[in-house]
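Encoded as structure tokens, the structure appears first; notes follow it.
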Amino acid sequence: MGPKLVLFEPAKPPFFLQTKPNSWFNMMMKSPVKVAVEIAARKKIIAANWKMNLTHREAKSYADLLWTEVGVVNEIEVVLIPPFTAIPALAEALEKSPVARLGAQNMHWEKCGPFTGEISATMLRALDVNYVVLGHSERRRLFGETDEMVNRKITAALSAGLRPIVCVGETLAERDGQRVEEVLKRQIQEGLKGVNSRQFHDLVIAYEPLWAIGTGRTATPEQAEEAHGFIRSVIASVSDHPTAAQIRIQYGGSVKPENAEELLRQQDIDGALVGGASLDARNFARIIRGAVAVSA
Ligand code: 13P
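Per my numbering, the very first residue in the sequence shown carries number 251; after that it's consecutive.
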């Protein structure tokens, strides 16, 4: 789906109005005249983050099964994010059955050198990887990744032609302490420092509240929508309004076939980053079908 021209007469104030009372957008919205605004349609992006699961052989069978279940999907974008070891096998399988694009779960910010155990953006691009997850809470929490490291990785990924899926999200203690906005704002401002407006178009943000990851406790659609709207307003403040209106924001945290559609129906939720429920190709296929139904 390409950019489309939308006649815009908002039923409720868009997120811009809440944060920038004197913006040009605000003034346009206050005008009694209907305003035609060109906004790009945000194609939903559904990604499977396998984390440290599945061998390269299992990855191949998975891709074959997913292909049988869903075939070519045009309405949305599907991304498979296996461990590094499964990337070559999956790349080969996806050449024959192009059901999804490829992503990686992490990378180092340097191009090459003495960094034992690390993988560079150049190596990922050489395997036709399109996306890379950066700043996942498991990397931040278990491996000490800071906003500054995430920022270096984002910059390196963008320069190499990889599209970062940048993860942000608060802990339960931060939510209980009314600090959600403060945390999200810091992660975005620090993580995306130096990213220019052209590069913003290659970015995807994933809102993944830590208390919802692997817990079975999903954010309610209202909680997720509120956070996504806030994230969009922060993007507008570090970039500009059209960029904020176009950037895709995924939700992640206990997404499964049973709750995916309701989440994806929210105005500011443009996709899902699925962990546990994506390990079974049939389950993931159900989530994809749900997203297609929402996008139809
Ligand atoms: P779960 O779907 O298992 O909660 O994991 C979410 C996640 O961390 C995706 O990156």
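Glycine included, each C-beta is placed from N, C-alpha and C at the ideal position.
In this text the structure is predicted, and so the values were computed from the model without any measurement.
What three-state label does DSSP hand residue i in the structure shown?
{"i": "Val328", "result": "strand"}
{"i": "Arg498", "result": "strand"}
{"i": "Val283", "result": "Unreliable positioning characterises Val283 in this predicted model, as indicated by a pLDDT of 28, which lies under 50. A coordinate reading is not provided."}
{"i": "Asn303", "result": "coil"}
{"i": "Leu384", "result": "strand"}
{"i": "Gly441", "result": "helix"}
{"i": "Pro370", "result": "It should be pointed out that residue 370 corresponds to Ser in this sequence rather than to Pro. Residue state, collapsed to three classes: strand."}
{"i": "Ile295", "result": "strand"}
{"i": "Ile519", "result": "coil"}
{"i": "Ala456", "result": "strand"}
{"i": "His358", "result": "strand"}
{"i": "Val323", "result": "coil"}
{"i": "Val542", "result": "helix"}
{"i": "Val430", "result": "helix"}
Can you determine whether any heavy atom of ligand 1 sits closer than 7 angstroms to the C-beta of residue i, and answer yes or no?
{"i": "Gly521", "result": "no"}
{"i": "Gly540", "result": "no"}
{"i": "Asn299", "result": "yes"}
{"i": "Gly441", "result": "no"}
{"i": "His386", "result": "yes"}
{"i": "Ala350", "result": "no"}
{"i": "Thr427", "result": "The sequence shown places Gly at residue 427, rather than the Thr named in the question. Gly427 Cβ: outside cutoff for every heavy atom of ligand 1."}
{"i": "Glu424", "result": "no"}
{"i": "Ile463", "result": "yes"}
{"i": "Ala527", "result": "yes"}
{"i": "Val505", "result": "yes"}
{"i": "Glu512", "result": "no"}
{"i": "Val524", "result": "yes"}
{"i": "Gly353", "result": "no"}
{"i": "Gly502", "result": "yes"}
{"i": "Glu508", "result": "no"}
{"i": "Glu420", "result": "no"}
{"i": "Glu319", "result": "no"}
{"i": "Glu475", "result": "no"}
{"i": "Glu458", "result": "yes"}
Spatial neighbours of residue i within its chain, please: CB distance less than 6 angstroms, with the 5 preceding and 5 following residues excluded, ordered by chain position.
{"i": "Lys280", "result": "Note that Lys280 scores a pLDDT of 32, beneath 50, so its modelled location is shaky and nothing firm can be said."}
{"i": "Phe534", "result": "Ala298, Ser528"}
{"i": "Lys294", "result": "Ile326, Asp520, Gly521, Ala541, Ser545"}
{"i": "Tyr381", "result": "Val329, Gly353, Arg413, Ile415"}
{"i": "Leu514", "result": "Ala541, Val544"}
{"i": "Ile485", "result": "Ala494, Ile497"}
May I ask which residues mark the beginning and end of the beta strand (DSSP E) holding residue i?
{"i": "Arg413", "result": "413 to 418"}
{"i": "Gly353", "result": "351 to 354"}
Might you give, ordered along the chain, the residues of its own chain that have their beta carbon closer than 8 angstroms to the beta carbon of residue i, omitting 5 neighbours on each side?
{"i": "Thr372", "result": "Lys361, Cys362, Ala410"}
{"i": "Arg482", "result": "Phe265, Ala494, Ala495, Ile497, Ile499, Asp518"}
{"i": "Met302", "result": "Pro333"}
{"i": "Thr335", "result": "Thr305, His306"}
By Cβ distance, which residues of its chain are closer than 7 angstroms to residue i, with the 5 residues on each side in sequence left out?
{"i": "Ala214", "result": "Within the shown structure, residues of the chain are numbered from 251 to 546, placing residue 214 beyond reach of any answer."}
{"i": "Trp300", "result": "Ile331, Pro332, Pro333, Ser528, Leu529"}
{"i": "Arg389", "result": "Asn356, Glu395"}
{"i": "Glu431", "result": "Phe480"}
{"i": "Val547", "result": "Absent from the structure is residue 547, since the part of the chain shown begins at 251 and ends at 546."}
{"i": "Phe450", "result": "Ser489, Thr493, Ile497"}
{"i": "Ser447", "result": "Ser489, Asp490, Thr493"}
{"i": "Glu511", "result": "Gly540, Ala543, Val544"}
How would you write the range of the alpha helix (DSSP H) that residue i sits in, first residue to last?
{"i": "Gly479", "result": "471 to 488"}
{"i": "Leu340", "result": "337 to 346"}
{"i": "Ile404", "result": "397 to 410"}
{"i": "Pro507", "result": "507 to 514"}
{"i": "Arg448", "result": "447 to 450"}
Assuming the contact rule is C-beta atoms closer than 8 angstroms, residue i and residue j should be a hit. Round their C-beta distance to whole Å, please.
{"i": "Val542", "j": "Ile326", "result": "6 angstroms"}
{"i": "Thr405", "j": "Gly444", "result": "6 angstroms"}
{"i": "Leu377", "j": "Ala341", "result": "5 angstroms"}
{"i": "Glu458", "j": "Gly419", "result": "4 angstroms"}
{"i": "Gly503", "j": "Ile463", "result": "5 angstroms"}
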